[in-house]
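According to mature numbering (1 follows the signal peptide of the UniProt record, and there is no 0), the residues represented by the sequence shown are -20 to -1, 1 to 223, in order.
So the structure is just underneath, and the comments pick up after that.
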Amino acid sequence: MSHYAFLVLLLILGSDTLYAVDISGTPDPASVTDPAPTTTAAPSPMPPPSVGNYSVRNDVNSTACLMATMGLQISYKDGEVFKTINLDPNVTTATGKCGINGSDASLLLTFDKSAVAFTFSEEGGKFRLHGVSVTLNLDATGTFYSGNANLSLWEGSLGSSYMCRRDQTYNITDVLILRTRDLQVQPYMVENNSYSTAHDCAMDDTSILIPIVVGAALAGLILIVLVAYVIGRRKTYVGYQTL
């Protein structure tokens, strides 16, 4: 015998396949079984956030001075990838500050050692969301923080609310994205724990406003043509009567 071939049989736990390896350098094709291909399940899409009702009061027995309703989804950059979480209204606590005599109003939503802060300002009879900050407790990787204090979102007249029923995406910073659904907020002049007349975000959409403006212009043009036609007919009739 010129050489000795030693076969080592490896039995992989949890598998019915037996692998034979020729350590002499000459594999036996008949005794080698290719492993079955494996598949990786696609990640499940993130479900939409649940809608919660939040309010701020001067004290427990007082009526609300700030009200907000929304489903909120937070996407933050962790390393090189964005991760997403939904705010759960059932485990979220709302606190904040009432806006009095021109001062800022704030809404602070806290959950699981994390927080989302919204800051509103009012000027010239209008309010807007001008600040958002997010602090997240990431346990193993530490704490995430990002914010922007130079925003102009959710604008409306004092004494009214801002409403946007459709899903909206806001790029707060390059590492923080917020998504809302069924949003309504009134940071000032809340009465009887109820929202006042709402400014709908749909009216801010130029794709909706343009057809409305064009339609109104066409209707006006048709009206002018009809009036001119009627006047022309009258003049013609009067001319016939004179003759």
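Positions of the beta carbon are idealized from the N, C-alpha and C atoms, including for glycine.
What you are looking at is a predicted structure, and each value in this text was computed from that prediction instead of being measured.
Whole-angstrom distance between residue j and residue i, CA atom to CA atom
i: L52; j: A95; result: 12 Å
i: G127; j: V205; result: 56 Å
i: C144; j: G79; result: 22 Å
i: V40; j: T75; result: 11 Å
i: G136; j: I211; result: 45 Å
i: N66; j: T90; result: 13 Å
i: residue 235; j: Q164; result: Any answer about residue 235 is impossible in this case: the structure gives the chain only from -20 up to 223.
i: E103; j: Y142; result: 16 Å
i: V61; j: Y125; result: 15 Å
i: L189; j: T153; result: With a pLDDT of only 41 at L189, under the threshold of 50, the placement of this residue in the model should not be trusted; the figure read from the coordinates follows. Roughly 29 Å between the two C-alpha positions.
i: N117; j: L46; result: 26 Å
i: S187; j: G200; result: Because the pLDDT of S187 is 42, which lies under 50, any placement of that residue in the model is unreliable, and the number read from its coordinates should be weighed accordingly. Cα-Cα distance, rounded: 21 Å.
i: T177; j: S140; result: 5 Å
i: D180; j: L203; result: 30 Å
i: N151; j: Y209; result: 54 Å
i: T160; j: T149; result: 7 Å
i: F107; j: Y175; result: 15 Å
CB contact flag (residue i, residue j, <8 Å)
i: T43; j: N130; result: no
i: S86; j: T99; result: yes
i: V155; j: Y56; result: yes
i: M26; j: T64; result: yes
i: S30; j: D68; result: yes
Whole-angstrom C-beta distance between residue j and residue i, which should lie under 8 Å
i: M133; j: Y168; result: Before going further, note that residue 133 is Leu rather than Met in the sequence given. About 15 Å; that fails the 8 Å criterion.
i: D162; j: T49; result: 7 Å
i: D58; j: T123; result: Going by Cβ atoms, the distance from D58 to T123 rounds to 11 Å, so no, they are not a contact pair.
i: I54; j: L158; result: 6 Å
i: L109; j: A97; result: About 11 Å separates the two Cβ atoms, so there is no contact after all.
Bounding residues of the beta strand (DSSP E) (the contiguous stretch that carries residue i)
i: C144; result: S141 to C144
i: T73; result: T73 to K77
i: D58; result: A44 to D58
i: Y125; result: T123 to N128
i: D147; result: Premise fails: D147 is in no beta strand (DSSP E) and is neither H nor E.
i: D39; result: D39 -> no beta strand (DSSP E), and no H or E assigned at all.
i: N117; result: K106 to N117
i: A97; result: S94 to E103
i: N66; result: V61 to N66
i: G82; result: Taken as a continuous stretch (DSSP letters only), G82 belongs to no beta strand (DSSP E), as it is neither H nor E.
Query raised in the report: Just checking, does the region 108 to 122 make contact with the region 66 to 82 on the three C-beta pairs under 8 Å criterion?
Result: no
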